[in-house]
Amino acid sequence: MQKTVEVEKESLSFKLNNDQALLQKTIREVALENFKEKAREIDKSHRFPRENFELLAKLGMTGLTISEEYGGGSMDYVSYAIVIEEIAKACATTAVILSVQLSLCAAPIEKYGSTELKEKYLKKLALGEYLGAFCLSEPGNGSDAAAMLTKAENKGDYYLLNGTKAWVTNGSEANVYIILAQSTPAETLHATSLPKHKGVSAFIVEKNMLGVSFGKLEDKLGIRASATCQVRLDDVKVPKENLLGTEGEGFKIALSTLDTGRIGIAAQALGIAQASYDLASSYAKTREAFGQKIINFQAIQFMLVDLACEVEAGRLLIYQAAHMKDQGLKYTRQAAEAKLFCSELATKAGNIAIQILGGYGYTTEYDAERYYRDAKITEIYEGTSEIQRLVIAENIIKEIGERIGEPA
Ligand code: CAA
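Under numbering that gives the first Met the number 0, think of the first position of the sequence shown as 0, with each following residue one higher.
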């Protein structure tokens with residue numbers, strides 16, 4: 000009996016292991032020293048912070064979750080979440096640049112790529128010689144991801160890609176792109192009554208392939224330096240070896256990739272929420288009104304208390320999803336829950352930080368207004384909050400069915 004209790008005790012820990020704790024301390028210091036001040040400048044100028052990416056490469060962060068075999072750090076996804084959160088606290092733009100590199104570009108290559116593709120791309124991604132991107136959305140489709148118009152025609156030795164991908168983070172700055180395209184002709188889908196997602200395939204496309212071009216940089220509310228733009232494909236010949244997985248497997252590749260990506264965006268959002276809380280609470284501790292520090296007023300305390308609780312809850316949701324992924328368990332629902340909760344929290348936290356700072360919060364003298372602007376996109380990219388609710392609902396309904404013994 001005693002023994003069982005001990006095993007149970009060991010099976011759940013809220014403490015980071017030594018490697019994770021050291022990583023957290025290191026990346027926190029690096030981000031604070033190198034990214035925090037610059038975040039204001041790149042927000043104003045929209046300049047892609049290449050030197051931040053290079054510094055992350057030097058520290059091995061651009062290959063953090065890539066296997067050692069391909070030059071990466073073979074680190075777990077709790078570590079990944081820790082790194083993204085710490086970077087986002089200082090600069091949310093730099094956080095998404097790294098998150099896309101690791102979870103939306105390197106991860107699907109590692110999971111679905113041939114040994115040759117892994118050799119060719121993962122080593123360079125791990126070293127930061129390559130920056131990665133992921134292209135699913137298009138000007139006319141976002142949430143309805145399977146409704147893409149980009150076509151991939153099988154020409155034997157190569158696929159011919161045509162179409163326009165939209166809202167691509169790292170867009171014009173990346174070297175390598177995961178591109179989702181419809182590879183089954185509409186007539187075939189129609190004749191076989193296959194749903195359109197069954198005809199989607201995933202490809203690795205390089206920037207220097209003939210026919211790849213870019214749209215203008217999007218002028219965004221926040222995360223302004225992440226080089227978001229369209230990626231245009233005009234008769235791009237992609238070698239058949241660059242197909243990821245098998246033909247028609249692309250939609251599953253995209254959605255499973257987004258499961259991982261959503262842990263990253265949740266961590267990015269959490270970093271923004273934590274930074275908002277840190278700023279608002281330290282301001283409240285020093286600012287005086289009505290003859291005392293404003294932190295003494297319950298109105299302020301209650302706002303900060305709610306944030307403190309929610310930030311902790313969000314972190315636990317993220318660690319749960321990441322830990323389940325690390326254990327090889329299905330974590331689609333948990334990743335969606337973490338992203339939904341943390342992204343809505345980030346916007347709320349930015350808003351509260353502005354409220355507590357008052358007029359100062361509304362100016363660029365403080366970072367609160369940037370946190371608020373940066374936060375909003377986390378409710379949109381890698382699946383809107385509405386899509387996360389749909390994903391969670393679908394999984395909950397399945398789980399209820401299993402619990403009550405309903406046939407699948
Ligand atoms: N992993 C693997 N496969 C999955 C999956 C998952 N998490 N979820 C579903 N699938 C599979 C299903 O099993 C099904 O396969 P079969 O037909 O073989 O059984 C297939 O995918 C289709 O599933 P659904 O019928 O549930 O799909 P749907 O068409 O109804 O759409 C959706 C589901 C949840 C709405 C999905 O389209 C979605 O997530 N949309 C949002 C897209 C998104 O997040 N876009 C963000 C773009 S990336 C970005 O933001 C860029 C950036 O740079 C940051």
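A virtual CB, placed ideally from N, CA and C, is assigned to each residue, including glycine.
Any chance the CB of residue 248 is under 6 Å from a heavy atom of ligand 1? no
Go ahead and label residue 4 buried or exposed: buried means 16 or more other beta carbons lie within 10 angstroms of its beta carbon, across all protein chains shown. Low per-residue confidence applies at residue 4: pLDDT is 45, beneath 50, and the placement is therefore not dependable enough to give any value.
Taking 6 Å as the cut-off, does the CB of residue 189 come closer than this to any heavy atom belonging to ligand 1? no
Residue 135 to residue 257, Cα distance in whole Å? 10 Å
In its own chain, which residues sit with a C-beta less than 6 Å from the C-beta of residue 380, not counting the 5 before and 5 after it? none
Which partner residues does residue 52 have in the DSSP bridge list? Note: residue 52 sits in no beta bridge, so no partner.
From the DSSP output, which residues share a beta bridge with residue 238? 157
Closest Cβ-Cβ distance between residue 146 and chain C: below 7 Å? The structure shown contains no chain C; it is built from a single protein chain.
For residue 228, which beta-bridge partners are listed by DSSP? 167
Is residue 282 near residue 356, with beta carbons less than 7 Å apart? yes
Considering only the alpha carbon of each residue, which of 85, 19, 55, 12 lies closest to residue 268? 85
Spatial neighbours of residue 172 within its chain, please: C-beta separation below 7 Å, excluding the five flanking residues on both sides. 47, 130, 226
May I ask you to list the residues that DSSP assigns as paired with residue 213? 230
Per DSSP, residue 297 is paired with what? The partner list for residue 297 (beta bridge, DSSP) is empty, contrary to what the question assumes.
Just to confirm my understanding: we take residue 388, look at its own chain, exclude 5 residues before and 5 after, and list those with CB closer than 6 Å. What are they? none
At a cut-off of 6 Å, is residue 258 close to ligand 1 when judged by its beta-carbon and the heavy atoms of the ligand? yes
For residue 179, which residues does DSSP report across the bridge? 201
For the alpha helix (DSSP H) containing residue 340, name the first residue and the last one. 331-356
Between the C-alpha atoms of residue 374 and residue 349, what's the straight-line distance to the nearest angstrom? 7 Å
Nearest to residue 208 by CA position, among 243, 234, 183, 216, is which residue? 234
With DSSP as the reference, identify every bridge partner of residue 132, one or two as the case may be. 176
Within 6 Å: the Cβ of residue 386 and any heavy atom of ligand 1? yes
Taking the alpha helix (DSSP H) that residue 262 falls in, what are its first and last residues? 249-285
Beta carbon of residue 271, beta carbon of residue 201: below 7 Å? no
Per DSSP, residue 319 forms a beta bridge with which residues? DSSP output for residue 319 lists no bridge partner at all.
Could you give the C-beta distance for residue 122 and residue 69, rounded to a whole number, given that I count them as a contact under 8 Å? 5 Å
Taking residue 88 as the reference, which of 336, 100, 39 has the closest Cα? 39
Please return the same chain residues whose Cβ sits closer than 8 Å to the Cβ of residue 111, not counting the five positions on each side in sequence. 201, 243, 244, 248, 252
Starting from residue 146, follow the alpha helix (DSSP H) in both directions and report where the run begins and ends. Counting along the chain, residue 146 falls outside any alpha helix (DSSP H), and DSSP gives it neither H nor E.
Based on the DSSP secondary-structure assignment, which residues constitute the bridge partners of residue 243? 201
In whole angstroms, what is the alpha-carbon distance linking residue 16 and residue 78? 10 Å
Can you give the beta carbon distance from residue 259 to residue 324, rounded, assuming they're within the 8 Å contact cut? 7 Å
C-beta atoms of residue 300 and residue 319 nearer than 7 Å: no
Reference residue 31; option with closest CA among 146, 148, 51, 14: 51
Do residue 132 and residue 169 count as a contact pair if the criterion is CB distance below 7 Å? yes
For the pair the segment 106-120 and the segment 148-168, tell me if three or more CB-CB distances fall below 8 Å. no
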